[in-house]
Structures are given as structure tokens and as C-alpha cells.
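To start, the structure itself, in C-alpha cells.
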Amino acid sequence: MTGLDEHLHRPWKPGGTMAARHQRFRRRAKGLPNWRTVRYADDFVVLVHGTGADAEALREEIASVLAPLGLRLSEAKTRVVHMSEGFEFLGFRIQWRRKRGTSKWYVYTFIAGRPIRSLKAKIRALTRRTSQQDPGYVLARLSLIMHGWARFFRHAVESRPSACWITSPGDGWYAC
Numbered sequence: 000m001t002g003l004d005e006h007l008h009r010p011w012k013p014g015g016t017m018a019a020r021h022q023r024f025r026r027r028a029k030g031l032p033n034w035r036t037v038r039y040a041d042d043f044v045v046l047v048h049g050t051g052a053d054a055e056a057l058r059e060e061i062a063s064v065l066a067p068l069g070l071r072l073s074e075a076k077t078r079v080v081h082m083s084e085g086f087e088f089l090g091f092r093i094q095w096r097r098k099r100g101t102s103k104w105y106v107y108t109f110i111a112g113r114p115i116r117s118l119k120a121k122i123r124a125l126t127r128r129t130s131q132q133d134p135g136y137v138l139a140r141l142s143l144i145m146h147g148w149a150r151f152f153r154h155a156v157e158s159r160p161s162a163c164w165i166t167s168p169g170d171g172w173y174a175c
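Pasting the structure below:
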């Protein structure tokens, strides 16, 4: 993935946060699209500030960079969506929404449906009515499951939205 990171960051060669911001500002002033990558292990999402066509072009470019490495984008997981439609990434549902009572738009992170269903299934399996398991074991196991789940999803539905993706809905942020 290092080759992909280098390829995506080549247009502005960030030498620090201020230099990267300046380059993004200059690209935006010229009407060129900007993007940010968010990566965890072999999963990544590219946030594109531009049109849907810009996002599609960047997806094709990413596919061409990955091909010589023997890698390809998953057809099932790869799609281009507008941030107002939202997308799932690492068990989170990420979506652009208007803050209730205001005209400001923010990116919110929610827990996706599949992790919630998985948690409910684990709890049901441990707490069946006909279970003959020791109550101490069941409570300890439930505590471990809930603690791990709560730690992983601690950033979902924060009282303060992520500041790095705040922009107006007229601008086109797409995720691919």
C-alpha cells in the first residue's frame, strides 16, 4: 500500500500539515479536485472533493497503480457514493447530515448494522433461557464482549463531529 499512498500524495507532496493545506487550497482555487485517503491495514477509503467523474477517474487510476503489484480492487466493496448517501468502513456508517436545528452539515459516524446484529447474536447465545452455564462465567464473558465492543466503537456518534470533513453540501465530497 505504500506505493498507492505515494502515488495519491504525489500531486502536492505534503511536507507538513501547513504545506499540504496550502497545496489543497491552491488546487481548489484552480478548480482541481482534492482527495484524502484513510487507511487501516489493507482497507482504505478515498475521500474526493470534486465531482463524481473525478472520483471515478481516481478509482481507475488507483486500480492501474495496484495492478502491477498483483492487487485489485474488490468489486463487491468498491463503489463511488456521495457523502450524503453515506458508506460503511470498518464497521462504521459514515454519512453527511445536517445538524438538527441548524443549516450546517457535518460528517457523522454511526455503528453499522452488521456489528450490532453480531453483538446481539453473541449476547443471545450466552443468555439463552435454558442455559446451564455458571452465572459468574456468563457475566464475565458478557463483560469482556461489551468492553471490547465499546472500546472499538467509542468514536461513533460523538457529540462533536469530525472537524476535518466539515464543508457545505454544495461542494461534492465523494467516497470511493
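Quick note: the sequence shown uses numbering that gives the first Met the number 0, first residue 0, plus one each step.
Yeah, the Cβ is synthetic: ideal placement off N, Cα and C, and Gly gets one too.
In this text the structure is predicted, and so the values were computed from the model without any measurement.
Quick one: grab the DSSP three-state call for residue i.
| i | result |
| --- | --- |
| L31 | coil |
| H154 | coil |
| D53 | helix |
| E87 | strand |
| S73 | coil |
| R128 | coil |
| A66 | helix |
| L149 | The residue asked about is misnamed: residue 149 is Ala in this sequence, not Leu. Helix. |
| A40 | coil |
Where does residue i land, buried or exposed, given buried means 16+ other C-beta within 10 angstroms?
| i | result |
| --- | --- |
| M82 | buried |
| Q131 | exposed |
| F91 | buried |
| L57 | buried |
| H48 | buried |
| F24 | exposed |
| G169 | Confidence in G169 is poor, its pLDDT being 44 and thus under 50, which makes the residue's placement too unreliable to answer from. |
Taking the alpha-carbon positions, what's the residue i to residue j distance?
| i | j | result |
| --- | --- | --- |
| G112 | K119 | 11 angstroms |
| Y107 | R78 | 20 angstroms |
| D53 | W104 | 22 angstroms |
| V45 | F109 | 19 angstroms |
| L70 | V64 | 9 angstroms |
| V140 | R27 | The question names Val, but residue 140 is Arg in the sequence shown. Their Cα atoms are separated by approximately 51 angstroms. |
| S102 | W148 | 33 angstroms |
| R123 | T50 | 45 angstroms |
| R38 | G135 | 40 angstroms |
| G40 | G30 | Correcting the residue identity first, residue 40 is Ala in this sequence and not Gly. Those two C-alpha atoms are separated by around 32 angstroms. |
| R20 | W95 | 22 angstroms |
| R35 | M145 | 32 angstroms |
| A62 | G85 | 22 angstroms |
| S158 | V137 | Low confidence applies here, because S158 scores a pLDDT of 41, under 50, leaving its location unreliable and the question unanswered by this model. |
| F43 | A66 | 16 angstroms |
| L125 | D133 | 11 angstroms |
| F88 | E60 | 21 angstroms |
| P32 | E74 | 24 angstroms |
| R150 | I93 | 18 angstroms |
| E55 | L72 | 13 angstroms |
| H154 | Q22 | 29 angstroms |
What does residue i pair with, by DSSP beta-bridge criteria?
| i | result |
| --- | --- |
| W104 | R97 |
| R92 | E87, F109 |
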